[in-house]
Every structure is written in structure tokens, then in C-alpha cells.
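Below is one structure; the comments refer to it alone.
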Amino acid sequence: MTRVQRTKVLRVGAIAGAIPYFSKDLVSGKWEGFGPDFSESLAKKFGAKVEYVETTWGNAVLDLQSNKIDAMFGMAPTPARKEVVNFSDTLFDNTYTAVCKKGFPTKSWEQLNAPENKIVVDVGSSHDQLATRILPKADVQRLENSGSATLALQAGRADCQILVILLAQPLLAKRANVGVMQIPTPIYTAPVSIGLRKEADPAMQTAVNAWLGEVRAKGEVRSVILKNMEKLAGVPASAFPSEIKF
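Be aware that the sequence shown starts at 1, since it is given in the UniProt record's numbering, and climbs by one per residue.
Printed below as a string of C-alpha cells:
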């Protein structure tokens with residue numbers, strides 16, 4: 001926090017192509033998405049400007065640890081990550097869905113939890129963790145990445161793919177023939193937060209949480225998410241079921 005106050009620069013990690021979290025215009029170099037919108041709002045609160053540092057989801061923790069960046073928006077606060085970096089309060093909750101082949105009825109997670117059901121997830125992801133925890137009886141196939149899991153579903157090698165809604169909706173907006181999105185009950189969500197460097201002084205974490213409380217109270221978190229989903233992913237606000245809260 002001291003460095004941000006001294007330099008008036010907030011260094012934020014950004015990931016090219018991680019729509020709707022981050023998107024970089026290759027011509028202008030301008031960043032768009034949830035991350036940049038929230039970053040600019042936080043920097044304004046600090047009286048600073050944003051400096052974007054390109055990274056990946058895999059490297060963001062290391063970049064925080066090595067003091068390359070001050071904040072990483074959109075990071076999931078897993079137990080392993082909490083050991084090495086700090087996190088803000090929850091920015092928003094991302095609801096888990098099941099994108100299933102057409103005609104495959106899915107009203108509850110318990111329906112999916114059967115040996116005859118082939119479920120695909122990207123290995124090591126929060127989708128994988130959820131499947132491991134609540135679908136122990138299902139035939140869960142763990143593939144290299146989310147794209148590979150989607151291809152398996154599309155090719156008929158799987159019945160459903162588990163995806164958080166902010167990934168499921170853009171997928172179906174582009175490729176409606178992949179399947180149908182279901183929100184099985186009970187509803188499970190994944191908290192999304194802001195990764196921060198682990199420091200003895202809690203000033204940065206306290207300041208970020210204060211800003212977050214303000215923007216949540218104003219409804220700005222929801223409006224930023226819906227705006228970017230429509231602009232960058234082609235998903236209108238009307239596409240989100242009423243039970244989805246941000």
C-alpha cells in the first residue's frame with residue numbers, strides 16, 4: 001500500500017483473451033473486461049493510475065509473491081493460494097452449472113451422481129473440485145482444459161460438462177449446439193476475489209475491502225459484470241436466470 005501511495009500507480013495483472021474477465025484490443029492496446037473496470041475504479045479510489053502487467057492464471061500468484069503486481073482481479077481463493085497470498089472479501093459468487101447434451105434432464109446434482117452419467121471437467125479446476133466432492137458415483141473424466149472437455153461433450157463422449165455460469169453463457173452464445181445449460185439444485189457457487197500480496201501490514205487488504213463494500217452497496221459489481229458479458233461475450237442480461245445473483 002505504501003508503494004501505491006508513493007508512486008500513485010496500481011499494478012494489476014491482466015490476461016489476454018480471458019473474456020469476460022480480460023480482453024486486450026490488439027490495435028489500441030486498451031484493456032477491457034471485469035478486471036480492468038474494477039481496477040480503474042479501485043485506482044481512482046486510491047488516487048492512482050492503473051499499470052497493467054500481462055500474466056496468466058497460473059503465474060498470477062507468483063507475480064503477486066515476487067512484487068510484480070499489486071492486485072489480481074478474478075482470482076479464486078483456494079486453500080493452497082491462501083497459504084501464499086492474501087485475498088479481499090468476495091467480489092462476486094460464480095454459480096456452477098451443468099451444460100448437458102440436449103434431452104438430458106438435470107434438475108439436481110443427485111441426478112448426475114450415478115455411474116452411467118459421463119461428466120467432463122478440466123483437471124485441477126474448481127469444476128474438478130466440485131465434481132470430486134459431490135459426484136463420487138458419476139463417471140467423471142478429467143481432461144486437459146475446458147476446451148477439451150467441451151469437445152468431448154460436443155462429440156457425444158460425455159453427457160454433461162461442469163462450468164461456472166460466466167464461462168457457460170459465453171460458450172453457448174457462440175456455440176448453441178453444444179448443449180443446454182442447467183442450474184442443478186442445490187445451487188453451488190464459487191467465490192471470486194481479488195488476490196493481494198501477503199504482507200504483515202494489512203493496510204492494502206483493508207483499503208481494498210473498504211472500496212469493495214462501497215461498490216457492492218451501489219450495485220456496481222452486478223452492473224460491471226452484466227455490461228461486459230453483453231459487450232465482450234454477447235450474453236444479454238436477460239440470459240441470466242432469476243436465481244443468479246452477483
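Beta carbons are placed, not taken as given, at the ideal position from N, Cα and C, and that holds for glycine.
Length of the line joining the Cα atoms of residue i and residue j
i: Phe38; j: Val224; result: 8 Å
i: Asp25; j: Glu40; result: 17 Å
i: Thr132; j: Ser193; result: 23 Å
i: Glu243; j: Thr7; result: 43 Å
i: Thr150; j: Ala18; result: 17 Å
i: Phe34; j: Lys231; result: 11 Å
i: Lys101; j: Asp93; result: 25 Å
i: Pro115; j: Leu135; result: 9 Å
Coil, strand or helix - residue i by DSSP
i: Glu51; result: strand
i: Lys24; result: strand
i: Leu153; result: helix
i: Ala203; result: helix
i: Leu39; result: Rather than Leu, the amino acid found at residue 39 in this sequence is Ser. Helix.
i: Ile187; result: coil
i: Ile244; result: coil
i: Trp211; result: helix
i: Asp139; result: strand
i: Arg11; result: strand
i: Ser146; result: helix
i: Trp57; result: coil
i: Val235; result: coil
i: Arg197; result: strand
Residue i - containing beta strand (DSSP E), residue span
i: Ile119; result: Lys118 to Asp122
i: Leu163; result: Cys160 to Val164
i: Val180; result: Val180 to Gln182
Enclosing alpha helix (DSSP H) for residue i [first to last residue]
i: Pro79; result: Pro79 to Lys82
i: Asp89; result: First-last for Asp89: undefined, no H or E at that position.
Beta-carbon separation (whole angstroms), residue i vs residue j, contact threshold 8 Å
i: Gln169; j: Val235; result: 4 Å
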